[in-house]
Amino acid sequence: MAGLQYRSHYNFYDNYSWVEGTVSSGWVRNEKIYNVDFHSFFDDLSADYNGDDFNLTLEFGFGDFWVVGNSSLTGSKSSFGGLNDLNFESYAVATIFGQASISGSGLNTASNIFGGLGVAGASLSLVNGTFRIHNGANGTFSPKYYRSGWKGGSPVRISTFNVAKVGTGISAGANAFTTGIAYYQIANGTQQPITYVDAGVGTLGVMSSIASYYAGIQIPYVGGAVAVYGTARLTWDVFYNLGVNYGPSKWFGNDNSRWFK
Amino acid sequence: MKNIYYIFWADAIISFRKHHPDRKNWKFTLLFFNSWLHALNWWIVFIWLKHFQILDIPLISVNVFPGTLLDDFLSFTIEFAMPFGILNFFLIFHNNRYDKIIQKYGEIKTRYALIYSFSIAILAFISAVLYGTLN
Numbered sequence: 004m005a006g007l008q009y010r011s012h013y014n015f016y017d018n019y020s021w022v023e024g025t026v027s028s029g030w031v032r033n034e035k036i037y038n039v040d041f042h043s044f045f046d047d048l049s050a051d052y053n054g055d056d057f058n059l060t061l062e063f064g065f066g067d068f069w070v071v072g073n074s075s076l077t078g079s080k081s082s083f084g085g086l087n088d089l090n091f092e093s094y095a096v097a098t099i100f101g102q103a104s105i106s107g108s109g110l111n112t113a114s115n116i117f118g119g120l121g122v123a124g125a126s127l128s129l130v131n132g133t134f135r136i137h138n139g140a141n142g143t144f145s146p147k148y149y150r151s152g153w154k155g156g157s158p159v160r161i162s163t164f165n166v167a168k169v170g171t172g173i174s175a176g177a178n179a180f181t182t183g184i185a186y187y188q189i190a191n192g193t194q195q196p197i198t199y200v201d202a203g204v205g206t207l208g209v210m211s212s213i214a215s216y217y218a219g220i221q222i223p224y225v226g227g228a229v230a231v232y233g234t235a236r237l238t239w240d241v242f243y244n245l246g247v248n249y250g251p252s253k254w255f256g257n258d259n260s261r262w263f264k
Numbered sequence: 008m009k010n011i012y013y014i015f016w017a018d019a020i021i022s023f024r025k026h027h028p029d030r031k032n033w034k035f036t037l038l039f040f041n042s043w044l045h046a047l048n049w050w051i052v053f054i055w056l057k058h059f060q061i062l063d064i065p066l067i068s069v070n071v072f073p074g075t076l077l078d079d080f081l082s083f084t085i086e087f088a089m090p091f092g093i094l095n096f097f098l099i100f101h102n103n104r105y106d107k108i109i110q111k112y113g114e115i116k117t118r119y120a121l122i123y124s125f126s127i128a129i130l131a132f133i134s135a136v137l138y139g140t141l142n
């Protein structure tokens, strides 16, 4: 759901005209049901609000495409006068699926990037070399790749790891990861177009493993491609989320001009 | 009556050992892989029960990692895969029970593991597309 935003609007009639505005907006993180704290908003509103009908909507969307959530407003209207005692809650649920293509190129671009990475990394599964992590003598971190496939040993007891075996383990994990996320999101109703790509790639990986395990047929490239795809998906998701929540946009608040100073 | 579950496991172990005789971690690999296949099987049942409003089992939702994918993966693993992982471990690998299972069911020639695994993988994908389209 990276990239999904929310915004909430209110309006009410103050005996003369409709008053409307935005309560808050921001990025939706993980919540399928998004809760917004409106207490400070009602504190600010107390001078204008007279207790008449009050409408609140919460919307979710990407870019120019927004969906209105199902909002509910609890708390008695008469209590608006005594805002200090107001116990107000509001939530909205909006499910967006199958619509993301409307929001545009973001997801499509992401799909192309991941697809490209998968193809580019496919040859990894055919690597026969080994690698070491430390030099053995004193445990110093000293990574090195051995094209010859050297199995390690020597007087200083260097340990090496087979790239293909490590890749096989990563590939098996990637098969599980891509199918797991895709099928969970579909069951949960939070799927996006790329979810079906995940499902397809994961299924291909699982079928490749089945062919290898139970029929002895090695299908080249698939295992490596799935591993790279899964890693790319995970890296993108985690670091995009970290960037949105802890990155430069959080350092300067909403003052975008400070980026350029 | 022959136990289809043990027949599947016997064929899975025999086939894997035949094609990968050098794999030392075959127990873990098979436990992990077959538990995942069982998870996909359970997921297929789950979504169609939900779709036809026969039984709507709540989904576990984990929220501990940044982003959503790791959380989704962990949720799927806990709800769908972990029960089968535990069950398979105790029914197949605990106290080397697979030895007796292979002795009893190892003579069957039909490649149940291959047939079952391919069927589940394909059915899961078809179900995903169909369910996503219908909902």
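Going down the list, the sequences are from chains A and B.
Heads up: take any position in the first sequence, counting from 1, add 3, and you land on the working numbering.
Heads up: take any position in the second sequence, counting from 1, add 7, and you land on the working numbering.
Cβ coordinates follow ideal geometry from the N, Cα and C atoms, glycine included.
message = Quick check on the burial criterion: 16 or more other C-beta atoms within 10 angstroms. Buried or exposed for residue 250 of chain A?
response = Reading the first sequence from its first residue, position 247 is the one you call residue 250 of chain A. Residue 250 of chain A is exposed by the Cβ-count criterion.
task = Give a yes or no on whether 8 Å exceeds the smallest Cβ distance from residue 234 of chain A to chain B.
result = Here residue 234 of chain A is taken as the residue at index 231 of the first sequence, counted from 1. No, its Cβ sits nowhere closer than 8 Å to a Cβ of chain B.
request  = Taking only beta-carbon positions, decide if residue 216 of chain A is within less than 8 Å of chain B.
outcome  = Working through the first sequence from its first residue, we reach residue 216 of chain A at position 213. It does; some Cβ of chain B falls within 8 Å.
key: Residue of A:201, A:190, A:187 and A:192 minimising C-alpha distance to residue 235 of chain A   = Stepping through the first sequence from its first residue, residue 235 of chain A is reached at position 232. When each option's Cα is compared against that of residue 235 of chain A, the closest is A:201.
task = Look at the Cβ atom of residue 198 of chain A, then the Cβ atom of residue 128 of chain B, and state whether they are nearer than 8 Å.
result = Here residue 198 of chain A refers to the residue found at position 195 of the first sequence. Here residue 128 of chain B refers to the residue found at position 121 of the second sequence. Against a cut-off of 8 Å, the Cβ pair of residue 128 of chain B and residue 198 of chain A comes out as no contact.
inquiry  = Suppose you measure from the CA of residue 239 of chain A to the CA of residue 99 of chain B; what does that come to, to the nearest Å?
reply    = For this step, residue 239 of chain A is matched to residue 236 along the first sequence. For this step, residue 99 of chain B is matched to residue 92 along the second sequence. The alpha-carbon separation between residue 239 of chain A and residue 99 of chain B amounts to approximately 38 Å.
Minimum Cβ-Cβ distance from residue 250 of chain A to chain B less than 8 Å = Residue numbering aside, residue 250 of chain A sits at position 247 when the first sequence is read from its first letter. Cβ-Cβ to chain B under 8 Å: no for residue 250 of chain A.
ask   = With 16 other CB atoms within 10 Å as the buried threshold, where does residue 47 of chain B fall?
value = What you label residue 47 of chain B is simply residue 40 of the second sequence in a count that begins at 1. By the neighbour-count rule (16 or more Cβ atoms within 10 Å), residue 47 of chain B is buried.
ask   = From residue 89 of chain B to residue 75 of chain B, what does the alpha carbon distance come to, in whole angstroms?
value = By 1-based counting over the second sequence, the position of residue 89 of chain B is 82. By 1-based counting over the second sequence, the position of residue 75 of chain B is 68. So the two alpha carbons sit approximately 20 Å from each other.
query = Is the distance from the Cβ of residue 174 of chain A to the Cβ of residue 219 of chain A below 8 Å?
reply = In the first sequence, residue 174 of chain A corresponds to position 171, counting from 1. In the first sequence, residue 219 of chain A corresponds to position 216, counting from 1. Cβ distance not < 8 Å, so residue 174 of chain A and residue 219 of chain A don't count as in contact.
task = Tell me, please, whether the CB atom of residue 245 of chain A is closer than 8 Å to any CB atom in chain B?
result = As a working mapping, residue 245 of chain A is identified with position 242 in the first sequence. So, interface residue.
Reduced DSSP category for residue 10 of chain A - H, G, I as helix; E, B as strand; rest coil = Against the first sequence, residue 10 of chain A aligns to sequence position 7. Residue state, collapsed to three classes: strand.
query = How many whole angstroms separate the CB atoms of residue 118 of chain B and residue 216 of chain A, which I take to be in contact at a CB cut-off of 8 Å?
reply = Working through the second sequence from its first residue, we reach residue 118 of chain B at position 111. Working through the first sequence from its first residue, we reach residue 216 of chain A at position 213. Not quite, the Cβ-Cβ distance comes to about 12 Å (not below 8 Å), so this is no contact.
ask   = Could you give the distance in angstroms between the alpha-carbon of residue 81 of chain B and the alpha-carbon of residue 29 of chain B?
value = Counting from one through the second sequence, the residue named residue 81 of chain B turns up at place 74. Counting from one through the second sequence, the residue named residue 29 of chain B turns up at place 22. The straight-line gap from Cα to Cα measures roughly 31 Å.
ask   = DSSP on residue 27 of chain B, reduced to helix/strand/coil?
value = In the second sequence, counting from the first residue as 1, residue 27 of chain B sits at position 20. Residue 27 of chain B: coil per DSSP, three-state reduction.
query = Which residues of chain A have a Cβ atom closer than 7 Å to the Cβ of residue 136 of chain B, listed in chain order?
reply = For this step, residue 136 of chain B is matched to residue 129 along the second sequence. Result: 199.
task = Just the C-alpha distance for residue 222 of chain A and residue 101 of chain B, rounded to the nearest angstrom, thanks.
result = Sequence index remark: in the first sequence, residue 222 of chain A carries index 219 (1-based). Sequence index remark: in the second sequence, residue 101 of chain B carries index 94 (1-based). So the two alpha carbons sit approximately 32 Å from each other.
ask   = Taking Cβ positions, are residue 62 of chain B and residue 86 of chain B nearer each other than 8 Å?
value = If you number the second sequence from 1, residue 62 of chain B lands on position 55. If you number the second sequence from 1, residue 86 of chain B lands on position 79. For residue 62 of chain B and residue 86 of chain B, no; Cβs fall outside 8 Å.
request  = Please decide whether residue 212 of chain A counts as near chain B, where near means a Cβ-Cβ distance under 8 Å.
outcome  = Position 209 of the first sequence, counted from the start, is the residue given in the question as residue 212 of chain A. For residue 212 of chain A, the answer is yes, since a Cβ of chain B falls inside 8 Å of its Cβ.
ask   = For residue 246 of chain A, which of B:73, B:116 and B:21 has the nearest alpha-carbon?
value = Translated into the one-based positions of the first sequence, residue 246 of chain A becomes position 243. The shortest C-alpha separation from residue 246 of chain A is found at B:73.
ask   = In its own chain, which residues sit with a C-beta less than 7 Å from the C-beta of residue 54 of chain B, not counting the 5 before and 5 after it?
value = In the second sequence, counting from the first residue as 1, residue 54 of chain B sits at position 47. These residues qualify, in order along the chain: 134 and 138.
task = Under 8 Å Cβ to Cβ from residue 142 of chain B, same chain only, skipping five residues before and after it: list those, please.
result = Locating residue 142 of chain B in the second sequence gives position 135, where the first residue counts as 1. Same-chain partners within the cutoff: 58.
inquiry  = For residue 92 of chain B, report the span of its alpha helix (DSSP H) as first-last.
reply    = Counted from its first residue, the second sequence places residue 92 of chain B at position 85. Counting along the chain, residue 92 of chain B sits inside the alpha helix (DSSP H) bounded by residues 89 to 95.
inquiry  = So for residue 118 of chain B, helix, strand or coil by DSSP?
reply    = Sequence index remark: in the second sequence, residue 118 of chain B carries index 111 (1-based). In the structure shown, residue 118 of chain B sits in coil (DSSP, three-state: anything other than H, G, I, E or B).
Terminal residues of the alpha helix (DSSP H) in which residue 100 of chain B lies = If you number the second sequence from 1, residue 100 of chain B lands on position 93. Where residue 100 of chain B is concerned, there is no enclosing alpha helix (DSSP H), given that its DSSP letter is neither H nor E.
ask   = In chain B, which residues lie less than 8 Å from residue 203 of chain A when you measure between Cβ atoms?
value = To locate residue 203 of chain A, count along the first sequence from 1; it is residue 200. 132, listed in chain order.
Rounded C-alpha distance that separates residue 4 of chain B from residue 242 of chain A = Because chain B in this structure spans residues 8 to 142, residue 4 of chain B falls outside the shown range and cannot be described.
ask   = Around the C-beta of residue 188 of chain A, are 16 or more other C-beta atoms found within 10 angstroms, so that it is buried, or is it exposed?
value = Here the question's residue 188 of chain A lines up with position 185 in the first sequence. Buried, since its Cβ has 16 or more Cβ neighbours within 10 Å.
key: Nearest to residue 180 of chain A (by Cα), restricted to the options B:31, B:10, B:12 and B:39   = Walking along the first sequence from the start, residue 180 of chain A turns up at place 177. Nearest of B:31, B:10, B:12 and B:39 to residue 180 of chain A, Cα basis: B:39.
inquiry  = Could you check whether the Cβ of residue 209 of chain A sits closer than 8 Å to any Cβ belonging to chain B?
reply    = On the first sequence, residue 209 of chain A is found 206 positions in, with the first residue counted as 1. Yes - at least one Cβ of chain B is within 8 Å of the one on residue 209 of chain A.
task = Report the neighbours of residue 59 of chain B on chain A: residues whose CB is nearer than 7 Å to its CB, in chain order.
result = As a working note, residue 59 of chain B is residue 52 in the second sequence. Neighbours of residue 59 of chain B on chain A: none; closest Cβ ~14 Å, over 7 Å.
request  = For the alpha helix (DSSP H) holding residue 242 of chain A, just list the boundary residues, first then last.
outcome  = Your numbering for residue 242 of chain A matches position 239 in the first sequence. It spans 225 to 249 - the alpha helix (DSSP H) in which residue 242 of chain A sits, taken as one unbroken run.
query = Cα separation between residue 36 of chain B and residue 83 of chain B?
reply = The residue given as residue 36 of chain B occupies position 29 in the second sequence. The residue given as residue 83 of chain B occupies position 76 in the second sequence. In a straight line, the C-alpha of residue 36 of chain B is about 19 Å away from that of residue 83 of chain B.
query = Per DSSP, what kind of secondary structure is residue 63 of chain B in: helix, strand or coil?
reply = In the second sequence, counting from the first residue as 1, residue 63 of chain B sits at position 56. The three-state secondary structure of residue 63 of chain B, taken from DSSP, is coil.
ask   = In whole angstroms, what is the alpha-carbon distance linking residue 15 of chain B and residue 192 of chain A?
value = Looking up residue 15 of chain B in the second sequence gives position 8. Looking up residue 192 of chain A in the first sequence gives position 189. Near 33 Å, if we compare the C-alpha coordinates of residue 192 of chain A and residue 15 of chain B.
inquiry  = Run through chain A and tell me which residues come within less than 9 Å of residue 24 of chain B, C-beta to C-beta.
reply    = On the second sequence, position 17 is the one that residue 24 of chain B refers to. Chain A residues near residue 24 of chain B: none, gap ~10 Å exceeds 9 Å.
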